[in-house]
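To keep things clear, I will list the structure first and then write my remarks on it.
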Ligand SMILES: Nc1ncnc2c1ncn2[C@@H]1O[C@H](COP(=O)(O)OP(=O)(O)OP(=O)(O)O)[C@@H](O)[C@H]1O
Ligand SMILES: [Mg+2]
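In my numbering, the protein residues as written are 11 to 271.
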């Protein structure tokens, strides 16, 4: 693929928590404008991998390998430069938005702050309202002034999405963003991701739900025990999984969903 299509390239990435190797020599690349899904069973290292892309790992984690984002190696960037990228060129959506939102401030103010840190010259109040709307919130002003405890799980997840997109990042990293949500909210959030992709955002989405992958992914990487098992287009993975582990995952999914091939 031509170099300009590449947004992110991960080469031989390993992550250790003390003696445990949570991510084991993983390489992959993500093209601009695609939705790249990472699937795998619990404990396979998906969150660890995603956190390492934005350098959100705890300080005791040790990282080996190279993560090239827009020509820069994320693993080697000084903190100061990293802070310019994180929240600005890379947005992050967490599995549990309650843990990430500050209970003491209205959620809109928190989004405004994400804008202000990077772009103090912008009208960040307006940008926050725009982002809330973008995240599918129909009454952005009311939500702006709400505290986290006043919002449902689905709304909090949308607020997190608004915070992740307020600075129009090239790359959005999302860790199981729909797992805690009911099915209809989940489906609306997935549509939102599809829209963000249409607008040119690149999304890396971690999920254990092959239904989600089937619905919105372009390509998928399967992980097990910290290792990459295989990678391919969604169609390839569903119709012709090469590795036994993927075959089992796909079989289970097809049985559960009544999927027809
Ligand atoms: N902060 C941490 N400190 C120490 N070990 C950790 C930490 N986070 C994860 N681990 C360990 O690293 C391994 C990979 O965990 P990780 O959370 O990345 O997996 P996951 O694929 O995201 O799982 P899940 O689907 O349950 O979210 C697991 O064995 C886990 O216990
Ligand atoms: Mg996880």
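A virtual CB, placed ideally from N, CA and C, is assigned to each residue, including glycine.
### Task
Give the single residue among 255, 267 and 213 whose Cα lies nearest to the Cα of residue 43.
213
### Task
Give the DSSP-derived three-state secondary structure of residue 75 in the structure shown.
strand
### Message
Rounded to the nearest angstrom, what separates residue 17 and residue 180 at their Cα positions?
### Response
8 Å
### Message
Given a cut-off of 8 Å on the beta-carbon distance, is the pair residue 244 and residue 229 in contact?
### Response
yes
### Query
Given a threshold of 16 other Cβ atoms within 10 Å of its Cβ, counted over all protein chains shown, does residue 168 qualify as buried or as exposed?
buried
### Query
Between which two residues does the alpha helix (DSSP H) carrying residue 163 extend?
163-175
### Query
Under the rule that 16 or more other beta-carbon atoms within 10 Å means buried, what is residue 205, buried or exposed?
exposed
### Message
Per DSSP, what are the beta-bridge partners of residue 212 in this structure?
### Response
181
### Check: residue 24 C-beta below 7 Å from any heavy atom of ligand 1
no
### Task
Given a cut-off of 8 Å, decide if residue 118 and residue 154 are closer than it, judged by their beta-carbon atoms.
yes
### Task
Would you decide whether residue 74 is buried or exposed? Buried here means 16 or more other CB atoms lie within 10 Å of its CB.
exposed
#### Entry: Endpoints, the beta strand (DSSP E) within which residue 229 is located
229-234
#### Entry: Among 189, 112 and 99, the one whose alpha carbon lies nearest that of residue 210
99
### Message
Under DSSP, the alpha helix (DSSP H) around residue 250 begins and ends at which residues?
### Response
Neither: residue 250 is in no alpha helix (DSSP H) and is coded neither H nor E.
### Query
Across which residues does DSSP place residue 26 in a beta bridge pair?
31 and 72
### Task
Assign residue 271 to one of three DSSP states: helix, strand, or coil.
Any answer about residue 271 is weak, because its pLDDT of 49 lies below 50 and its placement is not dependable; what the coordinates show is given next. Residue state, collapsed to three classes: coil.
### Message
Looking at residue 252: is its Cβ nearer than 8 Å to the Cβ of residue 240?
### Response
yes
### Task
Round the Cβ separation of residue 203 and residue 226 to the nearest angstrom and send it over; I've been treating them as touching at under 8 Å.
6 Å
### Task
Report the three-state DSSP secondary structure of residue 199 (helix, strand or coil).
helix
### Query
Can residue 177 and residue 125 be called in contact, C-beta distance under 8 Å?
yes
### Task
Please report the residue range of the alpha helix (DSSP H) in which residue 186 lies.
Unbroken run through residue 186: none, as it is neither H nor E.
### Query
Should residue 268 be labelled buried (16 or more other beta-carbon atoms within 10 Å of its own) or exposed?
exposed
### Task
Measure the alpha-carbon distance for residue 78 versus residue 40 and round it to whole angstroms.
10 Å
#### Entry: Spatial neighbours of residue 256 in its chain, beta-carbon cut-off 8 Å, leaving aside the 5 residues before and after
232, 239, 240 and 247
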